[in-house]
Amino acid sequence: MKLRFAPSPTGLLHVGNARVALVNWLLARQQGGTVLLRLDDTDTERSKAEYAAALEEDLRWLGLDWNESFRQSDRMARYQAAAERLKASGRLYPCLESEEELRFKREQRLKQGRPPVYDRAALKMTPEQLERARANGKQPYWRFLLSNRTMEWQDGVLGRRQVKLPSLSDPVLIRADGTPLYTFTSVVDDLESGVTHVVRGEDHVTNTGVQMDLWEALGGDLGTLSFAHLPLLTDADGGPLSKRLGSLSLRQLRRDGVEPAALAGYLAALGTSRDPVPGMPRDLVAGFQLSAISRSPARFDPRQLLA
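Residue 39 in the numbering used here sits at position 33 of the sequence shown, with consecutive numbering throughout.
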C-alpha cells in the first residue's frame with residue numbers, strides 16, 4: 007500500500023489539506039504502507055520555497071512523517087517523455103484556439119441548447135496549418151483525447167461513483183509555454199511512483215474520472231488503484247470554509263494556542279459519529295476507520311479546539 011499527500015507550495019497549509027494529509031497517513035500506517043510527500047510546484051509563479059518549508063514544518067508539528075518525497079519541478083523530463091508517448095498514440099493533440107474563441111464557441115453551444123464542451127475542431131488541423139502557426143510565432147497547447155465511455159469506481163467514502171467522459175471537454179494537459187498541468191503530472195507521478203490508494207477531497211471526483219482514462223492511456227492498470235474522496239469541510243454555520251482559509255491555516259491555529267494533539271484528534275473524528283479525543287497521529291492509528299466518514303460535509307468549528 008502506498009499513499010501520497012500532494013500539496014502545492016503556493017500558500018500556508020490549511021485545515022482542509024491537513025485533514026487529507028492525516029487521513030492518508032493513518033491509512034498507510036494502519037497497513038504498514040508507504041507515505042509519499044509530493045510537492046506539486048509546477049506553478050512557478052505562485053510556488054515559493056518558503057511555503058514548501060512551512061508545509062513540511064507544519065506537517066511535522068502535527069505529528070506526520072513520510073517515507074519518500076520529491077518535487078514535481080525536478081521531474082519535468084518525465085512529464086515530457088510521457089507527453090511524447092501520448093502524442094505518438096494519438097491521445098494528445100495540438101490546439102491553437104484562443105480563450106476568446108473558446109468562449110464564443112461555448113456561448114454558441116449554450117444558445118443552441120447543447121452542452122458547452124469543446125468540439126474537437128483542432129483534430130481537423132493539418133500538419134501544414136500547425137507549422138504555419140508556429141512559423142508565425144504561435145505555439146500550440148495540447149489536449150488529451152478522452153475515451154467515449156463512462157468511468158466507474160467503488161469509492162472508499164462516497165460509494166459507487168461514475169463520470170461520463172463524453173460530457174466533458176478534452177482537458178488541456180500541456181500549456182502553450184510547454185509547462186504541464188496538474189491533471190497530467192499527478193497521473194504520471196502516481197503511476198511511476200507506485201501509488202496504490204488516492205485519498206483526496208470530493209472536489210476531485212470529476213478529475214478522478216479523467217485521470218482514470220489517462221492512467222490507462224499511459225499503460226497503467228486500474229485494478230491496482232483505489233480512490234476515496236472526503237466530503238469538503240464547511241464552517242460552523244455550514245457555509246463554505248474556503249472563504250476563511252487564511253484564518254484556518256495551521257500556522258494561525260498554532261499562534262492561537264491550539265495543540266497538535268487536539269487538532270489531530272479533532273480532524274480524525276470529523277465527519278464521523280465519534281466524539282474527538284485528543285491524540286497525536288500515532289495514537290489514532292488503531293481506532294481510525296475510513297468507512298466511518300459520512301458522505302455529508304463535515305463542519306469545522308475552531309472554537310471546539312480552544313474550549
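We treat Cβ as the ideally placed atom computed from N, Cα and C, and that holds for glycine.
Meets three-Cβ-pair contact criterion under 8 angstroms: the segment 32 to 49 and the segment 186 to 206: yes
Collapsed DSSP secondary structure at residue 12 in the structure displayed: coil
Backbone CA spacing between residue 295 and residue 134 [nearest angstrom]: 57 angstroms
Contiguous alpha helix (DSSP H) assignments of at least 4 residues, all confined to the segment 74 to 154: 82 to 94, 105 to 117, 133 to 141
6 angstroms CB neighbourhood of residue 276 in its chain, flanking five on each side removed: 304
Inter-residue Cα distance where the pair is residue 136 and residue 182: 13 angstroms
Cβ shell of residue 14 (< 6 angstroms), same chain only, five flanking positions each side left out: 46
Proximity below 8 angstroms, CB of residue 228 to CB of residue 308: no
C-alpha gap between residue 64 and residue 261, whole angstroms: 12 angstroms
CB contact flag (residue 306, residue 239, <8 angstroms): yes
Residue 38 - DSSP class collapsed to helix/strand/coil: coil
Residues that DSSP places opposite residue 1 in a beta bridge: The structure shown does not extend to residue 1, since the chain is modelled only from 7 to 313, so the question has no answer here.
Residue 37 versus residue 31 - alpha carbon distance: 10 angstroms
Nearest candidate by alpha-carbon position, reference residue 288, set 241, 163, 67: 67
Residue 234 versus residue 278: straight-line alpha-carbon distance, rounded: 15 angstroms
8 angstroms Cβ cutoff met for residue 20 and residue 254: yes
Test item: CB-CB of residue 149 and residue 125 under 8 angstroms: no
Per DSSP, the bridge partner or partners of residue 232: 203
Secondary structure of residue 182, DSSP reduced to three states: coil
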